[in-house]
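J.:
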Amino acid sequence: MWCLLGATGLSVMGNAVVAMALPWLILQRTGSATAAGLVGAAAVLPGVLSAMFGSALIDRAGRKLVSNGADVLSALAVAAVPIVDALFGINAAVMALLVAIGATFDGPGMAARESLRPDVAKHSGVPLVKLNAWGETVDSLGAFGGPALAGLLIGFIGPADTLWVTVGMFLMAVVLVWFGVPRVPPRPQAREESYLRSVRTGLVFVLRDPVLRSVTMMSVIAMIFLSPIDPVFFPAYLQGEAVPPALAGLVLAAFPVGTVIGAMGYGVVAERLNMRLTLGVGLLLAGVGLSLYVFTPPVYGMIALAVAIGIVAGPLNPIVATAHQQRTPDHLRGRVIGTVVALSSALTPVGLLAAGPVIDGFGAPFGFVVIGAGCALTALYCFCSKGIRTIDTPQPSPGLPSATV
Numbered sequence: 240m241w242c243l244l245g246a247t248g249l250s251v252m253g254n255a256v257v258a259m260a261l262p263w264l265i266l267q268r269t270g271s272a273t274a275a276g277l278v279g280a281a282a283v284l285p286g287v288l289s290a291m292f293g294s295a296l297i298d299r300a301g302r303k304l305v306s307n308g309a310d311v312l313s314a315l316a317v318a319a320v321p322i323v324d325a326l327f328g329i330n331a332a333v334m335a336l337l338v339a340i341g342a343t344f345d346g347p348g349m350a351a352r353e354s355l356r357p358d359v360a361k362h363s364g365v366p367l368v369k370l371n372a373w374g375e376t377v378d379s380l381g382a383f384g385g386p387a388l389a390g391l392l393i394g395f396i397g398p399a400d401t402l403w404v405t406v407g408m409f410l411m412a413v414v415l416v417w418f419g420v421p422r423v424p425p426r427p428q429a430r431e432e433s434y435l436r437s438v439r440t441g442l443v444f445v446l447r448d449p450v451l452r453s454v455t456m457m458s459v460i461a462m463i464f465l466s467p468i469d470p471v472f473f474p475a476y477l478q479g480e481a482v483p484p485a486l487a488g489l490v491l492a493a494f495p496v497g498t499v500i501g502a503m504g505y506g507v508v509a510e511r512l513n514m515r516l517t518l519g520v521g522l523l524l525a526g527v528g529l530s531l532y533v534f535t536p537p538v539y540g541m542i543a544l545a546v547a548i549g550i551v552a553g554p555l556n557p558i559v560a561t562a563h564q565q566r567t568p569d570h571l572r573g574r575v576i577g578t579v580v581a582l583s584s585a586l587t588p589v590g591l592l593a594a595g596p597v598i599d600g601f602g603a604p605f606g607f608v609v610i611g612a613g614c615a616l617t618a619l620y621c622f623c624s625k626g627i628r629t630i631d632t633p634q635p636s637p638g639l640p641s642a643t644v
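Residue numbers (this note's numbering): 240 to 644.
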């Protein structure tokens, strides 16, 4: 269990470091924000497509093999960046291609690690809902620690050498999974149908299961409104309020800190809480908290508010992950989780593209009211959806520790 959690943390943190170090390197070499933006955008579509079409590989080749293979290939893609920089110099088009290649492996790798959780829960005797809470806590710690580590490394050794550190992190994750996670061989049935038919099977299962279909729709709605917060709304908001960079970093770091607290707290009491009610109330409270930024509180008020929002939102991802895993047969788990990841992210660009006109037309503070309204809309869907009404009556896979809530 600890090896899987450690590998998850290393992989997530490695990606977070790359997300900061790579644009920094491009800006340092070219001075072009457009080039940095092009490289960042290059990761979106490959990530969505690979999560969808790479998901069948998890069930055909095995979860452990795909998890390790994704991290090895990510390490090679990241290592290529400083090598190309040293030999030929930075070219935005080449960097975008390398980033797209690296992003291609992120979706299957993430889905494979999440697919391993029920196996590890069964092996270690830990209730699945608790392991998911711990896993999401580790995700948040990686997302929180990655930018901080990147800032330190860039300051001491520069962005190019920082990328080499992330290569080591990906390879350490491979070692932990290889030696510390039990291998579950793929079922022969997964290879009997064509690859595209395997992908279709996962998609059809998600669309036909009322809980999975409803939870995925809830995630789609939420991601449209929430995805622009870190990359668009907060930078514009903090810059508009003339917040110094160091304090701006604290505001941005406060969200994952709160998420860690919320996820850990949920892990302690999860078996006594109603998942549907926790989802709806968490979304509603997060929306109220985000809307309060319209009043432009002082910096330390922004930080406290961000922590509070993170706490109430902390249980959301563990609940969603548990619903995915408990509703999915073992032999379909990789395909279903990969499909859900892809569908949930599919409309993220809509939110990112809409954020700019909202800020330009009405200002960043008003944008947080829009986000808050989006959270309220998502909460309303959660309370009204017939599928989510049955989320608390799971159909667990045989042999999983009980996680009834």
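Even glycine gets a Cβ: it sits at the ideal position worked out from N, Cα and C.
Predicted model only: the values in this text are computed from it and were never measured.
Here's the rule I'm using: 16 or more other beta-carbon atoms within 10 Å means buried, otherwise exposed. How should Gln478 be labelled?
T.: exposed
J.: So, at 8 Å on beta carbons, what are the nonlocal neighbours of Asp400 in its own chain, with the 5 sequence-adjacent residues on each side left out?
T.: Pro321, Leu392
J.: Note down, in chain order, each residue of its chain lying with its Cβ closer than 7 Å to the Cβ of Pro398, except the 5 sequence neighbours on either side.
T.: Ala260, Trp263, Leu264, Gln267
J.: Pull up the CB-CB distance for Pro657 and Ile297, whole angstroms please, since I reckon it's below 8 Å.
T.: Nothing about residue 657 can be reported from this structure: the residues present for the chain run from 240 to 644 only.
J.: Among Ala475, Gly504, Tyr532, which has the Cα closest to the Cα of Ala594?
T.: Ala475
J.: Using 8 Å as the threshold, is the C-beta distance between Leu370 and Met240 below it?
T.: yes
J.: Using DSSP with H/G/I as helix, E/B as strand and the rest coil, what is Leu639?
T.: Below a pLDDT of 50, predicted positions are generally treated as unreliable, and Leu639, at 42, falls in that range; the measurement from the model is reported next regardless. Coil at Leu639, not helix or strand.
J.: Among Arg447, Val580, Tyr532, which one has its Cα closest to the Cα of Phe473?
T.: Tyr532
J.: Relative to the alpha-carbon of Ala612, which residue among Val520, Leu410, Leu529, Gly553 has its alpha-carbon at the smallest distance?
T.: Leu529
J.: What beta strand (DSSP E) runs, 3 residues minimum, are completely inside the segment 382 to 434?
T.: With a minimum length of 3 residues, no continuous beta strand (DSSP E) run stays inside the segment 382 to 434.
J.: Spatial neighbours of Phe617 within its chain, please: C-beta separation below 7 Å, excluding the five flanking residues on both sides.
T.: Note on residue identity: the sequence assigns Thr, not Phe, to residue 617. Excluding five sequence positions before and after Thr617, the CB atoms of its chain that fall closer than 7 Å to its own CB belong to Met457, Ile460, Ala461, Leu522, given in chain order.
J.: In this structure, does DSSP put Ile510 in helix, strand or coil?
T.: For clarity, residue 510 is Glu in the given sequence; the question names Ile instead. The answer is helix: DSSP assigns Glu510 an H, G or I state.
J.: Taking the continuous alpha helix (DSSP H) assigned at Arg572, which residues delimit it?
T.: 572 to 584
J.: Give me, in chain order, the residues of the same chain whose beta-carbon lies closer than 8 Å to that of Pro640; leave out the 5 immediate sequence neighbours on both sides.
T.: At Pro640 the pLDDT is 43, less than 50, meaning the model places this residue with poor confidence and gives no usable figure here.
J.: Is the segment 568 to 576 touching the segment 335 to 343, taking contact as three or more C-beta pairs under 8 Å?
T.: No contact exists between the segment 568 to 576 and the segment 335 to 343.
J.: Taking the alpha helix (DSSP H) that Ala618 falls in, what are its first and last residues?
T.: 603 to 623
J.: Kindly list the residues whose CB is nearer than 7 Å to the CB of Phe605, restricted to its own chain and excluding five residues on each side of it in sequence; keep chain order.
T.: Val533
J.: Can you tell me whether Leu402 is buried or exposed, with buried defined as 16 or more other CB within 10 angstroms of its CB?
T.: buried
J.: Can you have a look at Asn513 and say buried or exposed, based on whether 16 or more other CB atoms are within 10 angstroms of its CB?
T.: Per the 10 Å Cβ criterion, exposed.
J.: With a threshold of 6 Å on Cβ separation, who are the neighbours of Pro421 within its own chain once the five nearest residues in sequence on each side are excluded?
T.: His362
J.: Which same chain residues end up closer than 6 Å to Leu582 when comparing Cβ atoms and leaving out the 5 residues on each side of it in sequence?
T.: Within its own chain, the residues whose Cβ lies closer than 6 Å to the Cβ of Leu582, once the five positions on either side in sequence are excluded, are Thr455, listed in chain order.
J.: Do you know whose CA, among Ala300, Leu388, Ala350, lies nearest Ala258's CA?
T.: Leu388
J.: For Thr629 and Val323, what's the separation of their Cα atoms in angstroms?
T.: 52 Å
J.: Classify Thr247 as helix, strand or coil using the three-state DSSP reduction.
T.: helix
J.: Count the other CB atoms within 10 Å of the CB of Thr632; is the residue buried (16 or more) or exposed (fewer)?
T.: exposed
J.: Output needed for Val589: all residues of its chain with C-beta closer than 7 Å, excluding positions within five of it in sequence on either side, in chain order.
T.: Ile463
J.: Return the CA-CA distance between Leu249 and Met411, expressed in angstroms with no decimal places.
T.: 7 Å
J.: Look at the alpha carbon of Gly384 and the alpha carbon of Val251, and state the distance between them as a whole number of angstroms.
T.: 10 Å
J.: Taking buried to mean at least 16 other C-beta atoms within 10 Å of its own C-beta, is Leu446 buried or exposed?
T.: Taking a 10 Å sphere around the C-beta of Leu446, we find fewer than 16 other C-beta atoms and assign the residue as exposed.
J.: Within 10 angstroms of its Cβ, does Gly394 collect 16 or more other Cβ (buried), or is it exposed?
T.: exposed
J.: Mind checking Tyr539: buried by the 16 CB within 10 Å criterion, or exposed?
T.: exposed
J.: Keeping to the same chain, check which residues put their C-beta closer than 6 Å to that of Arg518; ignore five residues upstream and five downstream.
T.: Reading off the sequence, residue 518 comes out as Leu, not Arg. Excluding sequence neighbours, Leu518 sits near Ile558, Cys621.
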